[in-house]
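Novice: Quick one: the structure is below, and I'll ask about it shortly.
Protein chains: 2
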Amino acid sequence: MNGNKGRLLVVDDEPNITDLLAMALRYEGFEVSTAGTGRDAVRVARAQPFELIILDVMLPDIDGFEVAKQIGSTGHRVPVLFLTARDATADKVRGLTVGGDDYVTKPFSLEEVVARIHAILRRTQPDGGDSSRIEFADLVMDMDTREVWRDGQGIDLTDTEFRLLRYLMLNPRMVLTRGQILDHVWEYDFGGDANVLDTYIHYLRKKIEVSGSRLIHTVRGVGYSMRVPPEKA
Amino acid sequence: MNGNKGRLLVVDDEPNITDLLAMALRYEGFEVSTAGTGRDAVRVARAQPFELIILDVMLPDIDGFEVAKQIGSTGHRVPVLFLTARDATADKVRGLTVGGDDYVTKPFSLEEVVARIHAILRRTQPDGGDSSRIEFADLVMDMDTREVWRDGQGIDLTDTEFRLLRYLMLNPRMVLTRGQILDHVWEYDFGGDANVLDTYIHYLRKKIEVSGSRLIHTVRGVGYSMRVPPEKA
DNA sequence: GCCATTCCTGTGAGACATCTGAGACTCGTG
DNA sequence: CACGAGTCTCAGATGTCTCACAGGAATGGC
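Here is the structure:
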């Protein structure tokens, strides 16, 4: 899970957010810098090049758009993943998906941020040409079109089901603890009952295991794991 | 979505406009230069050749038409896409758009500008021979004549309906978020209720799905997607 | 074999996104 | 100036998704 996948800059005035993202993204193999103000971000971004910038639109000093503009004005364009409040007035959110940019609303799930980052990098760095398609056994997922097939048969998933399955499929054979799954798939401020996870595992199994063997295995006392049935060393 | 499709020059005195267009067009695979004045534009255009020039008619120094003339006077003719305010001067432009030129009124939708650029290049560079016709399932659209057929049956669409359907058909199977659709299909200064999109999806469905299966699928919590019903790998 | 723990799974309520019909508004036209 | 077409707003209806809860089943330790 290591190996440098690129240099990212995370900009947010809440240290909780920058820390959370920096930790998760470093674990994903990125090299991460952070900034707490727009002024800082511009300074840092001018000092060294970044593959992508994660940028809160509501910064204390300079507006996020302005930051993006100032950074983009030097040298060539850096793609941006904007962070925005969910209740952001419509006019604020306009224009954010232009030119390969994208946005996620706060509170987000780590899984979602990581997925968007990979999607943007996939589009803007065609050489890295990772397909948006992942496979496990006879299960196939296209992360762009959000289509899922088991043995060629199309399967409809809800948003949460999709995010959960994506996380499992991106970490095949790994035993993922309940904590890890909740932290990555659910929004970071989720304070509810951990039993939702059980429920969604159940939903997923009903949808993807009706016509085939078990793929999502319970590891009692720990969590879940994506495996093919004959578990051999 | 990448690969150099040609060199464009964007000329407008509002940096917001040049930035927006440059961002979107670079993402579309063009190589883009910008200029903020007529004088600048002429200088830049004489220094290197462009496939096409996007030119505001209302520039602070030199009139847009004059700029086009001065650029065209050297070497061979460069096609122009004029940008103009939605007022009386539109008529004036119409008369002057000869020989493959075209114009769009401000405020425009990105989708429209990109479509016009492709149309002009199609006409002026017959070698690039992209057809103006796109198909999806039994749905056919001619982007030049703005005709649409479902299973051979002609369908009348209003302008907004047409732009929306064109964007969907140009991104088949992709799940397009509401944000993406609003950013690309609606005019850049649209600050209204995001619910217009729902309404227009509804209009489109009523027109293109009465006599056939569902093509525009709702992806709840995300956006919409053009699909054929039997989803198979 | 018994118990405690963990996990499974059905039910249901509330929240929320989307659909849909009706109407207001703008603009060009007869 | 009335009219119609097109765009957009609004609000209620509808349906789906998410999550909480709770009893039942399975598992592992003793």
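So the sequences go chain by chain: A and B.
For the first sequence, position 225 (counting from the first letter as 1) is numbered 225 according to the working numbering, and the numbering increases by one without interruption.
For the second sequence, position 208 (counting from the first letter as 1) is numbered 208 according to the working numbering, and the numbering increases by one without interruption.
C-beta: ideal position from N, C-alpha, C; glycine also.
(1) Report yes or no: is there a C-beta of chain B within less than 8 Å of the C-beta of residue 69(A)?
(2) Taking Cβ-Cβ distances shorter than 9 Å, what residues in chain B pair up with residue 100(A)?
(3) Can you pull the chain A neighbours of residue 225(B), defined as C-beta to C-beta under 8 Å?
(4) Would residue 40(A) pass as an interface residue toward chain B - the criterion being a Cβ-Cβ separation below 8 Å?
(5) Quick one: which chain A residues come within Cβ less than 8 Å of residue 174(B)?
(6) With a threshold of 8 Å between beta-carbons, can residue 188(B) be considered close to chain A, or not?
(7) Output needed for residue 94(A): all residues of its chain with C-beta closer than 6 Å, excluding positions within five of it in sequence on either side, in chain order.
(8) Run through chain B and tell me which residues come within less than 8 Å of residue 95(A), C-beta to C-beta.
(9) Is the shortest distance between the beta-carbon of residue 110(B) and the beta-carbons of chain A less than 8 Å?
(10) Applying the 10 Å Cβ sphere with the 16-neighbour rule, what's the burial state of residue 213(B)?
(11) Measuring only between beta-carbons, confirm whether residue 159(A) sits less than 8 Å from chain B.
(12) Measure the Cβ-Cβ separation of residue 54(B) and residue 45(B) and say whether it is below 8 Å.
(13) Where DSSP assigns a beta bridge to residue 153(B), which residues make up the other side?
(14) Determine the direct distance from the alpha carbon of residue 30(B) to that of residue 80(A), and round the result to whole angstroms.
(15) Ignoring anything shorter than 3 residues, give me the beta strand (DSSP E) runs that lie fully in the segment 56-102 of chain A, in order along the chain.
(16) Just to make sure I have the definition right: I need the residues of chain B whose C-beta is within less than 8 Å of the C-beta of residue 77(A). Which are they?
(17) Between residue 103(A) and chain B, is there a C-beta pair that is closer than 8 Å?
(18) What residues from chain A crowd round residue 123(B), counting only those whose CB sits closer than 9 Å?
(19) Strictly under 8 Å for the Cβ-Cβ distance: is residue 46(B) near chain A by that measure?
(20) State the CB to CB distance for the pair residue 175(B) and residue 223(B), rounded to an integer number of angstroms; the pair is presumed to be in contact (CB under 8 Å).
(21) Quick one, are the C-beta atoms of residue 67(A) and residue 83(A) less than 8 Å apart?
(22) So does the segment 193-205 of chain A actually touch the segment 158-174 of chain A, counting three or more Cβ pairs closer than 8 Å?
(23) Please confirm if the segment 98-116 of chain A is in contact with the segment 136-145 of chain B, defined as three or more CB-CB distances below 8 Å between the two stretches.
(24) Between residue 37(B) and chain A, is there a C-beta pair that is closer than 8 Å?
(25) Starting from the C-beta of residue 225(A), find all residues in its chain whose C-beta is less than 6 Å away, skip the five residues before and the five after it, and write them out in chain order.
(26) Please identify the residue among 118(A), 92(A), 116(A), 61(A) whose C-alpha is closest to the C-alpha of residue 190(B).
Specialist: Per the coordinate set shown:
(1) yes
(2) 1, 23, 26, 27
(3) By Cβ distance, chain A contributes 145, 146.
(4) no
(5) 144, 145
(6) yes
(7) none
(8) 20, 183, 188
(9) So yes, residue 110(B) belongs to the interface.
(10) That one is exposed.
(11) Judged by the 8 Å Cβ criterion, residue 159(A) is in contact with chain B.
(12) Judged by their CB atoms, residue 54(B) and residue 45(B) are not nearer to each other than the 8 Å cut-off.
(13) Beta-bridge pairing links residue 153(B) to 150(B).
(14) 19 Å
(15) 80-85
(16) 23, 26
(17) Chain B, which has a Cβ nearer than 8 Å to the Cβ of residue 103(A), makes this yes.
(18) None at all; the shortest Cβ gap to chain A is about 26 Å.
(19) no
(20) 6 Å
(21) no
(22) yes
(23) With the cut-off at 8 Å, the segment 98-116 of chain A and the segment 136-145 of chain B do not touch.
(24) no
(25) 175, 217, 219
(26) Ranking the options by Cα distance to residue 190(B), first place goes to 92(A).
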